[in-house]
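Asks: One structure, pasted below without further comment.
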Amino acid sequence: LSFANQALSAAWLVSQQGKLETGVYQVPQEIDERVARLKLAAYGVEIEELTEEQKKYLSSWDSGTI
(Lines of atoms letter the chains of each structure in order from A and count residues from 1; the text may use other names and numbers.)
(Lines give C-alpha, C1' and ligand atoms only; values in the text may rest on other atoms or scores of the structure.)
Protein backbone atom coordinates (compact mmCIF):
# COMPACT_ATOMS: atom_id res chain seq x y z
CA LEU A 1 0.00 0.00 0.00
CA SER A 2 2.77 2.40 0.88
CA PHE A 3 4.53 1.88 -2.45
CA ALA A 4 1.28 2.37 -4.37
CA ASN A 5 0.69 5.69 -2.58
CA GLN A 6 4.29 6.74 -3.23
CA ALA A 7 4.19 5.80 -6.93
CA LEU A 8 0.86 7.49 -7.61
CA SER A 9 1.91 10.55 -5.60
CA ALA A 10 5.14 10.80 -7.61
CA ALA A 11 3.11 10.67 -10.84
CA TRP A 12 0.81 13.37 -9.45
CA LEU A 13 3.80 15.57 -8.57
CA VAL A 14 5.14 15.23 -12.12
CA SER A 15 1.71 16.22 -13.49
CA GLN A 16 1.79 19.32 -11.26
CA GLN A 17 5.24 20.43 -12.42
CA GLY A 18 5.51 24.21 -12.37
CA LYS A 19 2.24 24.57 -10.45
CA LEU A 20 3.43 23.84 -6.91
CA GLU A 21 5.64 25.86 -4.61
CA THR A 22 8.54 24.18 -2.85
CA GLY A 23 7.21 22.42 0.22
CA VAL A 24 5.87 19.25 1.74
CA TYR A 25 2.52 18.02 0.49
CA GLN A 26 0.18 15.36 1.80
CA VAL A 27 -0.92 12.53 -0.46
CA PRO A 28 -3.97 13.84 -2.32
CA GLN A 29 -7.15 12.33 -0.87
CA GLU A 30 -8.19 11.01 -4.30
CA ILE A 31 -4.99 8.95 -4.52
CA ASP A 32 -5.28 7.68 -0.95
CA GLU A 33 -8.89 6.62 -1.51
CA ARG A 34 -8.08 5.01 -4.87
CA VAL A 35 -5.36 2.86 -3.30
CA ALA A 36 -7.67 1.90 -0.42
CA ARG A 37 -10.50 0.95 -2.78
CA LEU A 38 -8.17 -1.15 -4.93
CA LYS A 39 -6.88 -2.99 -1.86
CA LEU A 40 -10.39 -3.63 -0.59
CA ALA A 41 -11.48 -4.81 -4.05
CA ALA A 42 -8.61 -7.31 -4.00
CA TYR A 43 -10.24 -8.77 -0.86
CA GLY A 44 -13.69 -8.69 -2.45
CA VAL A 45 -14.89 -5.83 -0.24
CA GLU A 46 -16.94 -2.94 -1.60
CA ILE A 47 -17.69 0.36 0.10
CA GLU A 48 -21.31 1.42 -0.04
CA GLU A 49 -22.23 5.00 -0.81
CA LEU A 50 -23.83 6.90 2.07
CA THR A 51 -27.57 7.42 1.94
CA GLU A 52 -28.91 10.97 2.04
CA GLU A 53 -30.05 10.34 5.62
CA GLN A 54 -26.52 9.26 6.63
CA LYS A 55 -24.97 12.30 4.95
CA LYS A 56 -27.42 14.60 6.75
CA TYR A 57 -26.64 12.94 10.09
CA LEU A 58 -22.87 13.25 9.60
CA SER A 59 -23.11 16.91 8.61
CA SER A 60 -25.28 17.72 11.65
CA TRP A 61 -22.46 17.19 14.15
CA ASP A 62 -20.60 20.16 15.59
CA SER A 63 -17.09 19.98 17.01
CA GLY A 64 -16.92 18.89 20.62
CA THR A 65 -19.82 18.05 22.89
CA ILE A 66 -22.42 20.10 24.64
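If you read the sequence shown in the working numbering, its first letter stands for residue 112, the second for the next number, and so on. Using N, Cα and C, we set each Cβ at its ideal position, and we do this for glycine too.
Using a Cβ-Cβ cutoff of less than 8 Å, which residues in the same chain neighbour Asp-143 once the five nearest sequence positions on both sides are dropped?
Replies: Along the sequence shown, read from residue 1 onward, the residue named residue 143 stands at position 32. The residues are Asn-116.
Asks: Any idea if Val-135 is buried or exposed, counting beta-carbon neighbours within 10 angstroms, 16 or more meaning buried?
Replies: Numbered from its first residue, the sequence shown carries residue 135 at position 24. Answer is exposed; the Cβ neighbour count stays below 16.
Asks: Report all residues from its chain with a CB closer than 8 Å to the CB of Leu-149; omit the five preceding and five following residues, and keep chain order.
Replies: Translated into positions along the sequence shown, residue 149 becomes position 38. Correct list, in chain order: Ala-115.
Asks: Expressed to the nearest angstrom, what Euclidean distance is found between the alpha-carbon atoms of Ala-152 and Gln-128?
Replies: Residue numbering aside, residue 152 sits at position 41 when the sequence shown is read from its first letter. Residue numbering aside, residue 128 sits at position 17 when the sequence shown is read from its first letter. Answer to the nearest angstrom: the Cα atoms are 31 Å apart.
Asks: Using only the alpha-carbon positions, how far apart do Ser-120 and Tyr-168 sit?
Replies: In the sequence shown, counting from the first residue as 1, residue 120 sits at position 9. In the sequence shown, counting from the first residue as 1, residue 168 sits at position 57. So the two alpha carbons sit approximately 33 Å from each other.
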